[in-house]
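**Q**
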Amino acid sequence: MTTAPSLAPAARRFLEKCFPGDAAVFTPEAMCVYGTDASRRFALPSAVVRPDDVEQVRELLAFAQTERIPILPRGRATNTVGDCVPSVGGIVVSTARLNRILEIDPNDFVAVVEPGVVTGELQTALAAQGLLFAPDPASVRFSTIGGNAATCAGGMRAVKYGVTRDHILGIEAILPGGVAITTGGRSHKNVVGLDLTRLFVGSEGTLGFFTRLTLKLLPLPQATATLAVAYPSVDAALAAAGDVFRAGLLPAAMELMAQEAMAAVAAIEAVPWPDTAGAVLLLRLDGSPEAVAADSRLLAAVTKQAGPVWSRTATTAEDEENLWELRRLLNPASFKAAPNKINDDVTVPRGKLREAAAGVAAIGREQGVRILLFGHVGDGNLHVNIMHDAADPDERRCAVAARERILMLCLSLGGTLSGEHGVGLSKLPFLDRQLGPTERELMRRIKRVFDPFGIMNPDKAY
Amino acid sequence: MSDKSPPTQGLLDRTDQPDCVLCGRCLSVCPLFAATGREEFSPRAKFFLTQALASGQLDLSSTKAADLLTSVCLSCGKCESVCPMGLCGPDLAARVRAAHPGFAGYLWKLWIERAGLVWPLAMAVAKFVPKGLPIEAITRAKASLDALGSGQAPAPWLFPETFDRRHAGQKAVLFAGCVAEYATPQWKDMAKRLLGGLGIEVLPDPGFTCCGCTLGHAGASDAQATMQQHNIEAWRRAGRPTMVVFCASCRCGLRSYTRKDLGLTASERETWSGGLVSLSDLLGDTTFRTGEAAPPAVRYHQPCHGAGGNQDLAMLRRAVGERLLFRENETPCCGFGGLTKLTAPELSDLVAARAFAIYAPKPGDQVVTGCAGCVTQLRASAPNGVIVGHWLEIMG
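Those sequence lines, one after another, are chains A and B. Count along the first sequence starting at 1, add 847, and that's the number in our numbering. Numbering follows our numbering, in which position 358 of the second sequence is assigned residue number 350; successive positions increment by one, without gaps.
Structure, rendered in structure tokens:
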């Protein structure tokens, strides 16, 4: 653990004036948590502020640019790659008090929100009006729209509806120097100018501070149904996944859990599938009741081709929930399966999934590490959790070696280092394996256009 | 706190506790975080601060850290219910408090000097106060808060018509709890009348004291154990009868006896758990008539200490019908629990204000609940024209 560069007395006076009362924090005991996130990396910030209006953010970013002090936007700090860690010190800016839903417009199919709104809470408010904001990262109940936008969060519904980037129509942000900008708008189509909205989504807090986001809404599907199917092997399950698409079906979710992942869940909860299962697919359909009923029949038929050993269909909310809960339990279960895990979210072209999964299993065997494999297979997105005990140097070495081999395997298959978590600090060392020097330099030059002195979440992402 | 020895020392050698994985789930349920936007109050912050202290790699003031760790937690336990590691914020606060060598004395002083709205509890614990402390202060707090007794209580508007007599002829004791014992004896009277209607014979009070629930989280584990032993002895003397409760927190506190080694034999544990019943459950199929004083809408406030089910909600749904408002995704904490009411009353008030902001009651509406602490807190912070009561108070 390190000590952050301390703040000059004048800087502290500025923050106290701009953020009166409990809105500025300087004691290390209270700032401690603001130095970390779900990556479990840590560096103490120089100060923490919690604005409750945009004018405060504007003043802060003007001041920070003049003083060259790093700015670290922070929602609920649920990202797993270190995006919220003030690795070179600086001022953490919490969005906890910028958490208002400003507008829900059922005619424009648009919502306007502040960055600190919890995505799940927005979805609850929208559902009451028959509306849907489609992105649903696993952290949907406890992460914010601002954070989801900063990382371009994915989720289970991405296979049908796309990722966060596909559902943000416009952004208001403050740039270093205190300049307010507005990108995009509230039209569902917009091709005027360069698409700065899509550039800002997924920028991991490196370009500006989001103050307001305009979101694209959809009609809430009237009906859903869930099918769980277990197969003797991962390969058979992935073959079935291919059969589903080939039959002309586009599920709203398509999740895979391989044997080790299923065992981790079984260790904390009763599971319905037989011991002989080597993998399970969870599929959800949505639409009108008639369409869901027809698609369910087709889905049940096509998933039989690859030789399932068990299946269960759920059409009531409660039965569906019971099946999806098994998938959600995987995250808590994984924490209990071993003292430490390396958590990657590699993604490959859909057609390369079987090769990727076989390769990951082989690497696990060769390195002698246990790997929990699961993921959003409809997107080619595999979550690879390398379980180990970091206190054992040999185990740690094997886990780190396995990680590097898996990342390289996925790149060799035309995939990407990250499908949804982002780069942050944790994937930065591998970035040159995926991005060329020209492209990476372009990204850095683009950053300098918005942030000439490099104060926005410095030394992260690209 | 100003004790010189490191207040968090007792935590440093613990290895049986899993580490917080910093996932952030607890922030979504922590009422203190919701009301203040101050992440340093969240369970995640406290577990991380504890880990940082233990690592010793950061220059932290253990006194300031202990202040954060011990004084701001509402003991609602919502964090534990969502934590993938099963960590419990209130337990952490209690551990830090218990580990602090000067904390017991500090705590008693707090009880006495700042009793405020917690005076009924302070009255109940008064006999356990170490000698030499001026307990007169509690009586002063009581005098200034007599308005809480019945002044703003709802007028009855729900009247039993036909009682469910399936338990008629059975005998039971009433475990009334501190608030009913010292502040609102009319709750006890109403409970006895209802039990009479059900045909259940109420045995004499065997001399129960506070359930001890609050004391445990306050870090006064010795005093808590003494009270628990006292209650068990009283129960044994009375012939191990069925205990009827009408306060969710008391029920929660009493249920926890069987999870601790308090000298209950295996068969006694079974009798204790099985014999702990909610008055709402006993009302069963009792039917009610709605009187003219009924408000347009009545919101059910779900106590955080509702462990073991929602007996009150189920009963009220049957009895009140559509007039009763309850939404699963709107269950804010009242802000009464833990020590925060004493250590940081302004934070506790913010939490109550947020609860009312969520409920958004109109003048003339009522809020009912089944926990004495929630009633006390919400009644003191209700907006004008909104009446808060224990459900016993709406019955006549």
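The beta-carbon is built from N, C-alpha and C at its ideal position, and this holds for glycine as well.
Kindly indicate if chain B contains any beta-carbon less than 7 Å away from that of E876 (chain A).
**A** Yes, because at least one Cβ of chain B sits closer than 7 Å to the Cβ of E876 (chain A).
**Q** What span of residues does the alpha helix (DSSP H) with K1307 (chain A) cover, start to end?
**A** From DSSP, K1307 (chain A) is part of no alpha helix (DSSP H); its letter is neither H nor E.
**Q** Shortest alpha-carbon distance to G1025 (chain A) belongs to which of A:F910, A:S1143, A:A1204 and A:T942?
**A** Out of A:F910, A:S1143, A:A1204 and A:T942, A:F910 has the C-alpha closest to the C-alpha of G1025 (chain A).
**Q** Would the beta-carbon of R1033 (chain A) fall within 7 Å of that of L1016 (chain A)?
**A** Cβ atoms of R1033 (chain A) and L1016 (chain A): closer than 7 Å.
**Q** Tell me which residues share the same chain as G300 (chain B) and place their Cβ nearer than 8 Å to its Cβ, disregarding the 5 neighbours each side in the sequence.
**A** Residue confidence for G300 (chain B) is low, a pLDDT of 49 falling below 50, so the modelled location carries little weight and cannot support an answer.
**Q** Using a Cβ cut-off of 7 Å (strictly closer), state whether A943 (chain A) contacts chain B.
**A** By this cut-off, A943 (chain A) is an interface position.
**Q** DSSP on E1019 (chain A), reduced to helix/strand/coil?
**A** Here E1019 (chain A) sits in strand by DSSP.
**Q** Pop quiz: M1101 (chain A) and L1128 (chain A) are said to be a contact at Cβ under 8 Å. What is the actual Cβ separation, rounded to whole angstroms?
**A** That pair is a contact at about 7 Å.
**Q** What span of residues does the beta strand (DSSP E) with P1136 (chain A) cover, start to end?
**A** That residue, P1136 (chain A), is in no beta strand (DSSP E); its alpha helix (DSSP H) goes P1136 to V1149.
**Q** Does R27 (chain B) pass the burial test, meaning 16 or more other C-beta atoms within 10 Å, or should it be called exposed?
**A** Per the sequence presented here, residue 27 (chain B) reads as Ala, with Arg not at that position. Buried is the call here.
**Q** Show which residues of chain A have a CB atom less than 7 Å away from the CB atom of P76 (chain B).
**A** Per Cβ cutoff of 7 Å: N1178, P1179 and F1182.
**Q** Can you give me the Cβ contacts of G1261 (chain A) inside the same chain, cut-off strictly under 8 Å, excluding the 5 residues immediately before and after it?
**A** Contacts found: V1195, P1196 and K1199.
**Q** Are there 16 or more other CB atoms within 10 angstroms of the CB of T62 (chain B), so buried, or fewer, so exposed?
**A** That one is buried.
**Q** On the DSSP bridge list, what partners appear for T883 (chain A)?
**A** Beta-bridge pairing links T883 (chain A) to A:F889.
**Q** Taking 7 Å as the CB-CB cut-off, is L854 (chain A) touching chain B?
**A** By this cut-off, L854 (chain A) is not an interface position.
**Q** Using a Cβ-Cβ distance cut-off of 7 Å, determine whether S136 (chain B) contacts chain A.
**A** The predicted model places S136 (chain B) with a pLDDT of 49, which falls under 50 and marks its position as unreliable, so this point remains unresolved.
**Q** Answer with buried or exposed for F151 (chain B), where buried requires no fewer than 16 other C-beta atoms within 10 angstroms of its C-beta.
**A** Result: exposed.
**Q** Mapping the DSSP letters down to three states, classify D51 (chain B) as helix, strand or coil.
**A** Coil, per DSSP.
**Q** Please check if any C-beta of chain A sits within less than 7 Å of the C-beta of S142 (chain B).
**A** Caution applies to S142 (chain B), whose pLDDT of 45 falls short of 50 and renders its modelled position unreliable; the value that the coordinates give is listed next. Taking Cβ atoms only, chain A never reaches closer than 7 Å to S142 (chain B), which makes this a no.
**Q** Name, please, each residue of chain A whose Cβ falls closer than 7 Å to the Cβ of A289 (chain B).
**A** In chain order: nothing, as chain A lies at least about 18 Å away.
**Q** Could you list which residues in chain B have their beta carbon closer than 8 Å to that of L891 (chain A), in chain order?
**A** Correct list: L50.
**Q** Does any residue of chain A have a CB that is nearer than 7 Å to the CB of S20 (chain B)?
**A** Cβ-Cβ to chain A under 7 Å: yes for S20 (chain B).
**Q** Could you tell me whether the Cβ of S373 (chain B) comes closer than 7 Å to any Cβ of chain A?
**A** Chain A, which has no Cβ nearer than 7 Å to the Cβ of S373 (chain B), makes this no.
**Q** Can A890 (chain A) and V932 (chain A) be called in contact, C-beta distance under 7 Å?
**A** A contact, by the Cβ cut-off of 7 Å.
**Q** Is there a C-beta anywhere in chain A that falls below 7 Å from the one on C366 (chain B)?
**A** So no, C366 (chain B) is outside the interface.
**Q** Taking A1246 (chain A) as the query, report the chain B residues whose CB atoms sit under 7 Å from its CB, ordered along the chain.
**A** What A1246 (chain A) touches in chain B: nothing, since even the nearest Cβ is about 17 Å away.
**Q** Along the chain, where does the beta strand (DSSP E) containing L1229 (chain A) start, and where does it finish?
**A** Segment N1228 to H1235, the beta strand (DSSP E) holding L1229 (chain A).
**Q** Residues of chain B with CB under 8 Å from D869 (chain A), in chain order?
**A** Those within 8 Å of D869 (chain A) in chain B are T28 and R30.
**Q** Which word fits D1298 (chain A), buried or exposed, when buried means at least 16 other C-beta atoms lie within 10 angstroms of its C-beta?
**A** Classification for D1298 (chain A): buried.
**Q** Is any beta-carbon of chain A found at less than 7 Å from that of F318 (chain B)?
**A** So, not an interface residue.
**Q** For the putative contact between T991 (chain A) and P962 (chain A), defined by C-beta atoms under 8 Å, what is the C-beta separation to the nearest angstrom?
**A** Rounded, the Cβ-Cβ distance is 6 Å, consistent with contact.
**Q** Rounding to the nearest angstrom, what Cα-Cα distance links N1037 (chain A) and G1227 (chain A) in this structure?
**A** Approximately 29 Å, taken between the alpha carbons.
**Q** Helix, strand or coil: which one does DSSP assign to A263 (chain B)?
**A** Residue 263 (chain B) is actually Thr in this sequence, not Ala. Helix, per DSSP.
**Q** What are the uninterrupted segments assigned as alpha helix (DSSP H) that are 4 or more residues long and contained completely in the segment 22 to 66 of chain B, given in chain order?
**A** Counting whole runs of 4 or more residues, the segment 22 to 66 of chain B contains the alpha helix (DSSP H) stretches 23 to 28, 35 to 47 and 54 to 63.
**Q** Does DSSP classify M235 (chain B) as helix, strand or coil?
**A** Strand at M235 (chain B).
**Q** Take every Cβ of the segment 48 to 61 of chain B, pair it with every Cβ of the segment 900 to 914 of chain A, and state whether three or more of those distances are shorter than 8 Å.
**A** Verdict: no, contact absent.
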